[in-house]
Amino acid sequence: METRLETMRRLVRSMLGLAMVALLSACVTVNIYFPAAAAQKLADQVVEQVYRAAEKGKVDVHEKGTAPTDASPSSPGARGQSSAALAPSAWVRPRATSPWWERSAGAVANTVFTTVSGTAEAAADLNASSPGVVAARAELESLAAQMQPYFVSGAVGYTSAGLVAVHDADAVSLAQRAALPSLVSSYNRALDNLYQQIADANGHPEWKAQIQETFAQAWIRKAPPGYWYQTAGGSWQRK
Amino acid sequence: MHRLPQEAVVVLGFGLLVGPIPATATTLDIHAQSLSGPGFSLQQPSLRWHMQSADSGHIELSSAALQLRQRRGWQRARFSCSLHTAGPWRCEAGSGQILSQAFGPLSLHFSADIAALGGQAKTELRLRGNGLGNWQGSWQSRADGVWHGRWRGQTPARIWLAPWLPAHWRSSGTLVLAGQAQGSSWHDLGVVAVEGEAQDLGWQSPDGLKAAEHGKARLRLVAVHDKEWQGSAVLHWQQGAILWTPWFAQAPKEGAVRLSSNWVLGSRSWQLRGGELTWPGLGQASFQAERVGKQPVHWSLDARDVQMQPFYAHWIRPVMTAGSVPARLDAAGVAQIALSFGPGLRSARWRWRDGALTDPQGHLRIDGITSSGHWSATAAGQARLDWRAGSVYALPFGALDGDFSLGPESLVSRSPMQVTMLGGSVGVRDLRANWHGGGLSLRMNGVLRDLQLAPLTRDLGWPPFTGTLSANLPQLEYAGGRLSTDGTLSAQVFGGQVDVQDLAISHFLGTAPVLTADIRFQNLQLRPMTDVFHFGYINGALDGYIHHLVLLDWRPVSFDARLYSRRQPGLEQEISATAIENLSRLGGGGGIGGMFQSLYLRLFKTFHYEKLGLGVRLRDGVAELSGVGGSDASEPSDHFILLQGAGLPRVNIVGYNRRTQWSELVSRLMAAIRGETPIQGGP
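Chains A and B, in that order, are what the protein sequence lines are. Those letters in the first sequence? Residues 33 to 271, by our numbering. Those letters in the second sequence? Residues 188 to 870, by our numbering.
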């Protein structure tokens, strides 16, 4: 009887052990979530810049060579340092501005925080400063300047998929209408390229659809009054 | 009324009713199920002749349906008039109604003189319809059956355009037409001449991408029937605009566009022969076209004295991808162009002289273009392309003399080509271009010979370099806007060598070109370099590299670079006080500030050094610096040594902040190179 009980105990212990191993195994699965908040912030910034460039009719490539501060990538060596911390002189020895214990405590706190929230931080940033992204944005802004009269007149509008479509060709003159299909096609290619470049720059090409979806909302949310957009149901509305 | 032709057939029933005949009037009613003859057919025709006296009466004709020649769509026709039979018969105060499927309800007013049945006849007609407009005309017939008619009228254009336009297209405008016609018998039409003018003519497809507006044009058409219809037509387009996406054309201000042609219309085919097109400001062309049965239309055009500026802007540029380089080029010169189509472009022949291509953004310019050749969709062709000079990104290049073989979708150079550039030359061998599905790809082998770097760096706004660039490019490829090489470009610079590998340029000639490359420096002599840059005297030699270089719009956005001294036997490693001061200024420290340091430097003109090294890692506008030890762990992390002195007196340059703004660093470097006071930065 005791042998049986012992055997049962062993069995239960083994089962519990296996369950723990299974549980621990499950815990090491790493999920990389799409950084929706960072994407939205980035989309808002890019969209604002494109609308501004379209209004000015001018593209300055190097104006956006630096990524938005909040969305800039952080290299391992630079993580935790903002651009405000950059020294004006490389040769001048920096002076400590706070007592040693305060700096030490800060360093410890920073280390602990970085260790604990390392994954979260990695997911909170989106790289928008890779040459591919900047070139894609420059290309888009160049076309946006050409598209501006079509948006203002209502000839074209943004779709719910983050692309553009002809809304009312009659809204512009025949001369302007001639270039419309080609412009819409090129603009959609540039938009598609931008979404893919952002996804690629962040090492997750599969994020393209989510980035596109985020941008789709931003194009409509940030659109100037009078712009037309297509709802998810397919109907057109004026901002 | 003319007598019925002998070959007319009355089908089915025939009824004759003589109604109640009062003492002074007689009514004759004739009804039939159908009546047909050459060129016409009537369903349920009826005739009522109400004879009021011996020489006058009232006549009514009606038919439920009417077919003239092959045209159906005429219904409920009813005509009546007062008939006077004293002397030549006259039909006065005639009126009628007919329902036309195409024109809607029509009303007709007419009067007619009839010499006698079988004799001469004359009719004056006025026709009015809601959709047909107002028409008036006359019709005369001789005893031998030959007739002649004239008409003049005004009608909404949509009535006439509707049969030619696809369903749901809108049209507007007015047509004013005048014409004459003649036939040998009443049902025969032998000659027609029409002069018409379209006023405020317009049409539009449902999507609005094919349209015309404010059109004004004159048409003169002559048609003669002899077994088949043939004739001539002349069209003058005077005002308005036509959109046929992607093309848009506006009537030129210099004068009307004139289009004329002879034509033949058979039962299963049609032809345009001897066509001539004169387009003021653009050029002239002859053309012909033919269609047999349901086969595609074959047409050809032979244009001469074509002005390339408007031709490229209005007819070539619209088919280019928006935003691409060809879509923004301006062309110049005069060309002869012969094209044949059917279906699609089948062949082309051209001769272009005094040509030029200019990019308004200034990225490309080619002058003195002469080109000729012929291309066929089914056979081999050839082409020549010469130009006098040009520039790309402000870099001037010289003349080209090119000879090519053409395939349906390819171009191959027949002999090596050479273009002078930057004091040297660029050679191109085995150039092969392919275009398929709208995409263009290009491959070639290239040779760069003795390109002078000084004008290159000056024109691109880069730091001034001297020396020459020579390279073999075994494979230079351009596809999808990306220019890439798989060879090594080698430049002889400052007594050393610079090798550039994996050079590629994306968005070439686009808004934001992206250049990527790996560069290696070997044995650069510092003395000639510092002589050129007015940086102060440094003697020694440098090795180094720039890995993963990325230039965006020709300005660096990321790279990993390192330059370090290379000790050579017999070569003193020396540095002047000025160079030390400039090196220290690079960091933004404002030079050697301390009194003791200044005095020390002034005491000695030159110093010996053991090592000199600088590493820069650029990311996101921030440069991370390292010194002689590189960025590895061997160098203390809180500072780095740029210059490690040797012997006595000894000077070391030590940096303490590894991170600095790239733009700031470049400003300081440029200021130091130019010998200017460095920009003071930072708080």
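Just so you know, even glycine gets a beta-carbon here, dropped at the ideal spot from N, CA and C.
Residue i: first and last residue of the uninterrupted beta strand (DSSP E) it sits in
{"i": "Asn-321 (chain B)", "result": "320 to 328"}
{"i": "Trp-356 (chain B)", "result": "That residue, Trp-356 (chain B), is in no beta strand (DSSP E); it is neither H nor E in DSSP."}
{"i": "Thr-213 (chain B)", "result": "213 to 224"}
{"i": "Asp-588 (chain B)", "result": "587 to 594"}
{"i": "Arg-445 (chain B)", "result": "444 to 452"}
{"i": "Leu-544 (chain B)", "result": "532 to 545"}
One or two residues paired with residue i in a DSSP bridge
{"i": "His-245 (chain B)", "result": "B:His-237, B:Ser-269"}
{"i": "Glu-400 (chain B)", "result": "B:Ala-428"}
{"i": "Met-631 (chain B)", "result": "B:Leu-663"}
{"i": "Thr-765 (chain B)", "result": "Thr-765 (chain B) pairs with nothing; no bridge assigned."}
{"i": "Met-604 (chain B)", "result": "B:Val-615"}
{"i": "Ile-692 (chain B)", "result": "B:Leu-670, B:Leu-702"}
{"i": "Tyr-190 (chain A)", "result": "A:Val-196, A:Tyr-261"}
{"i": "Pro-642 (chain B)", "result": "Beta-bridge pairing links Pro-642 (chain B) to no other residue."}
{"i": "His-296 (chain B)", "result": "B:Ser-282, B:Arg-313"}
{"i": "Trp-741 (chain B)", "result": "In the DSSP output, where bridge partners are listed per residue, Trp-741 (chain B) has none listed."}
{"i": "Trp-239 (chain A)", "result": "None; Trp-239 (chain A) has no bridge partner."}
{"i": "Ser-827 (chain B)", "result": "Position check: residue 827 (chain B) holds Phe in this sequence, whereas Ser was assumed. In the DSSP output, where bridge partners are listed per residue, Phe-827 (chain B) has B:Gly-842."}
{"i": "Ser-771 (chain B)", "result": "DSSP, once it has assigned bridges, lists no residue as partnering Ser-771 (chain B)."}
{"i": "Phe-435 (chain B)", "result": "B:Leu-430"}
Contact belief for residue i with residue j at Cβ below 8 Å, rounded distance in angstroms
{"i": "Gln-760 (chain B)", "j": "His-795 (chain B)", "result": "6 Å"}
{"i": "Gly-316 (chain B)", "j": "Leu-293 (chain B)", "result": "4 Å"}
{"i": "Arg-209 (chain A)", "j": "Leu-430 (chain B)", "result": "6 Å"}
{"i": "Leu-526 (chain B)", "j": "Ser-563 (chain B)", "result": "Rounded, the Cβ-Cβ distance is 11 Å, inconsistent with contact."}
{"i": "Gln-425 (chain B)", "j": "Ala-438 (chain B)", "result": "6 Å"}
{"i": "Pro-513 (chain B)", "j": "Pro-433 (chain B)", "result": "Not really, about 13 Å apart at Cβ, beyond 8 Å."}
{"i": "Gly-633 (chain B)", "j": "Leu-660 (chain B)", "result": "4 Å"}
{"i": "Phe-297 (chain B)", "j": "Glu-311 (chain B)", "result": "6 Å"}
{"i": "Phe-435 (chain B)", "j": "Ala-207 (chain A)", "result": "5 Å"}
{"i": "Trp-537 (chain B)", "j": "Ala-522 (chain B)", "result": "6 Å"}
Where residue i falls: helix, strand or coil (DSSP)
{"i": "Val-124 (chain A)", "result": "Reliability fails at Val-124 (chain A), whose pLDDT of 45 lies under 50, so the model's placement of it is uncertain and no value is given."}
{"i": "Ala-156 (chain A)", "result": "In this prediction, Ala-156 (chain A) scores a pLDDT of 49, lower than 50, which makes its location untrustworthy; no coordinate-derived value is stated."}
{"i": "Ala-255 (chain A)", "result": "coil"}
{"i": "His-734 (chain B)", "result": "strand"}
{"i": "Lys-792 (chain B)", "result": "coil"}
{"i": "Arg-111 (chain A)", "result": "Since pLDDT at Arg-111 (chain A) reaches only 35, below the 50 mark, its modelled position is unreliable, and the value read off the structure follows with that caveat. Here Arg-111 (chain A) sits in coil by DSSP."}
{"i": "Thr-698 (chain B)", "result": "coil"}
{"i": "Asn-710 (chain B)", "result": "strand"}
{"i": "Gln-307 (chain B)", "result": "coil"}
{"i": "Tyr-65 (chain A)", "result": "coil"}
{"i": "Val-60 (chain A)", "result": "With a pLDDT of 44 at Val-60 (chain A), under the threshold of 50, the modelled position of this residue cannot be trusted, and the question is left open."}
{"i": "Ala-872 (chain B)", "result": "For chain B, the structure presents residues 188 to 870; residue 872 (chain B) sits outside this window and is missing."}
{"i": "Trp-502 (chain B)", "result": "helix"}
{"i": "Tyr-221 (chain A)", "result": "The residue asked about is misnamed: residue 221 (chain A) is Arg in this sequence, not Tyr. DSSP places Arg-221 (chain A) in helix when its eight states are reduced to three."}
{"i": "Ala-233 (chain A)", "result": "helix"}
{"i": "Glu-80 (chain A)", "result": "helix"}
{"i": "Trp-338 (chain B)", "result": "strand"}
{"i": "Arg-855 (chain B)", "result": "helix"}
Within chain B, partners of residue i - CB distance below 8 Å
{"i": "Glu-171 (chain A)", "result": "Gly-510, His-694, Gly-697, Thr-698, Ala-699"}
{"i": "Pro-213 (chain A)", "result": "Leu-396, Thr-432, Pro-433"}
{"i": "Arg-41 (chain A)", "result": "Ordered by position in chain B, no residue passes the 8 Å Cβ test against Arg-41 (chain A), which lies about 54 Å from the chain."}
{"i": "Leu-175 (chain A)", "result": "Ala-509, Gly-510"}
Closer than 7 Å at the beta carbon, the chain A residues around residue i
{"i": "Glu-311 (chain B)", "result": "Within 7 Å Cβ-Cβ: nothing; Glu-311 (chain B) doesn't reach chain A, min ~43 Å."}
Cross-chain neighbours of residue i in chain A, by beta carbon under 8 Å
{"i": "Glu-400 (chain B)", "result": "Leu-206"}
{"i": "Val-744 (chain B)", "result": "Gly-97, Ser-161, Pro-163, Val-166"}
Span of the alpha helix (DSSP H) around residue i
{"i": "Met-273 (chain A)", "result": "With chain A represented from 33 up to 271, any question about residue 273 (chain A) goes unanswered, as that position is not in the structure."}
{"i": "Ala-519 (chain B)", "result": "Here Ala-519 (chain B) belongs to no alpha helix (DSSP H); instead the beta strand (DSSP E) covers 517 to 528."}
{"i": "Ile-556 (chain B)", "result": "No alpha helix (DSSP H) contains Ile-556 (chain B), which is instead part of the beta strand (DSSP E) from 551 to 563."}
{"i": "Ile-346 (chain B)", "result": "344 to 348"}
{"i": "Arg-209 (chain A)", "result": "206 to 209"}
{"i": "Pro-497 (chain B)", "result": "495 to 498"}
{"i": "Ala-570 (chain B)", "result": "That residue, Ala-570 (chain B), is in no alpha helix (DSSP H); its beta strand (DSSP E) goes 568 to 574."}
Contacts of residue i in chain A (Cβ-Cβ under 9 Å)
{"i": "Ala-428 (chain B)", "result": "Ser-205, Leu-206, Ala-207"}
Under 7 Å from the C-beta of residue i: neighbouring residues of chain B
{"i": "Ala-201 (chain A)", "result": "Asp-394, Gly-395, Leu-396"}
Chain B contact residues for residue i, given Cβ-Cβ distances below 9 Å
{"i": "Ala-86 (chain A)", "result": "Those within 9 Å of Ala-86 (chain A) in chain B number zero; the least Cβ separation is about 14 Å."}
{"i": "Ser-218 (chain A)", "result": "Thr-508, Ala-509, Gly-510, Ser-511, Ala-514"}
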